[in-house]
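**Q**
Protein chains in written order, with the working numbering: chain A, 1 to 114; chain B, 1 to 115.
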């Protein structure tokens, strides 16, 4: 069965430091991949998505993610963290064809310290 | 502006009571979803609907019911059969559920607390 693993349920960085949130998926077929962000007591919003057009995907708020098939990874990065980046981040995967449901990771809570 | 409206944002319920959470979208999306979110457990799919008058059980449908009488609306009823209903409930919609990298648009959520 397809699964998504986010390494690290909590990540803490200093303001201005690199943000790296890890996501690995298990699938024999490269899926569609997504990163969503959730601010406290709010719904989720899309940061970026991979659809096989390009392995390096740029999203909103300066985030980007790189699809690495050999590592089955889709890690999220941002060169310089801002206080406003503190939130919960979710990685999700969706198979091609008739596999209609998104498979979600458990989320990573990002804290940004001044 | 197009979006998804969930109401109420906060809801308290006594044990044994049914409660209905509202979800309305004006995005003209065919597909709608209900997720439950608990700390450390990510998002779990309760029900989804691909078209009016049709819906499918998700991974944790027991104790919940839905209807899809209108394209814009997908209310969720948390019944007394749901043993642990206290959670954050999220409604979402997408253009469709079939194939593609369809992006989900989420509402702001409803937090249900059972007293």
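Just so it is clear, CB atoms sit at the ideal spot from N, CA and C, and this is done for glycine as well. Only a predicted model underlies this, so the values are computations on that prediction, with no experimental measurement involved.
Starting from residue 95 of chain B, follow the beta strand (DSSP E) in both directions and report where the run begins and ends.
**A** Note, residue 95 of chain B: premise wrong, no beta strand (DSSP E); not H, not E.
**Q** Check for me: the beta strand (DSSP E) holding residue 113 of chain B runs from which residue to which?
**A** 110–114 is the extent of the beta strand (DSSP E) around residue 113 of chain B.
**Q** Is residue 16 of chain A near residue 107 of chain B, with beta carbons less than 7 Å apart?
**A** Going by C-beta atoms, residue 16 of chain A is not nearer than 7 Å to residue 107 of chain B.
**Q** Taking CB distances under 7 Å as the criterion, tell me whether residue 42 of chain A reaches chain B.
**A** Chain B contact via Cβ: present.
**Q** Where does residue 43 of chain B land, buried or exposed, given buried means 16+ other C-beta within 10 angstroms?
**A** With 16 or more other Cβ atoms within 10 Å, it is buried.
**Q** How should residue 21 of chain A be labelled, buried or exposed, when 16 other C-beta atoms within 10 angstroms of its C-beta is the threshold for buried?
**A** Burial call: buried.
**Q** Should residue 62 of chain B be labelled buried (16 or more other beta-carbon atoms within 10 Å of its own) or exposed?
**A** Under this definition residue 62 of chain B is an exposed residue.
**Q** Which one of A:75, A:14, A:57 has the shortest CA to CA distance from residue 90 of chain A?
**A** It is A:75 whose Cα lies nearest to the Cα of residue 90 of chain A.
**Q** Residue 67 of chain A and residue 77 of chain A: beta carbons closer than 7 Å?
**A** Not in contact: residue 67 of chain A and residue 77 of chain A (Cβ atoms no closer than 7 Å).
**Q** For residue 8 of chain A, go through chain B and note every residue whose CB falls closer than 9 Å to its CB, in chain order.
**A** Neighbours of residue 8 of chain A on chain B: none; closest Cβ ~12 Å, over 9 Å.
**Q** Within 10 angstroms of the Cβ of residue 60 of chain A, are there 16 or more other Cβ atoms? Answer buried if so, exposed if not.
**A** So residue 60 of chain A counts as exposed.
**Q** Between the Cα of residue 14 of chain A and the Cα atoms of A:85, A:40, A:101, which residue gives the shortest distance?
**A** Here the closest residue by C-alpha is A:85.
**Q** How about residue 39 of chain A and residue 87 of chain A: are their beta carbons less than 7 Å apart?
**A** Taking 7 Å as the Cβ cut-off, residue 39 of chain A and residue 87 of chain A qualify as a contacting pair.
**Q** Could you work out which residue in A:79, A:10, A:95 is closest to residue 52 of chain A when comparing CA atoms only?
**A** Of A:79, A:10, A:95, the residue nearest in Cα terms is A:95.
**Q** Is the Cβ-Cβ distance between residue 45 of chain A and residue 27 of chain A less than 7 Å?
**A** Going by C-beta atoms, residue 45 of chain A is not nearer than 7 Å to residue 27 of chain A.
**Q** For residue 4 of chain B, which beta-bridge partners are listed by DSSP?
**A** Partner(s): B:25.
**Q** Between residue 2 of chain B and chain A, is the shortest Cβ-Cβ distance under 7 Å, so that the two count as touching?
**A** It does not: the Cβ of residue 2 of chain B has no partner Cβ on chain A nearer than 7 Å.
**Q** Is the distance from the Cβ of residue 78 of chain B to the Cβ of residue 15 of chain B below 7 Å?
**A** Cβ atoms of residue 78 of chain B and residue 15 of chain B: not closer than 7 Å.
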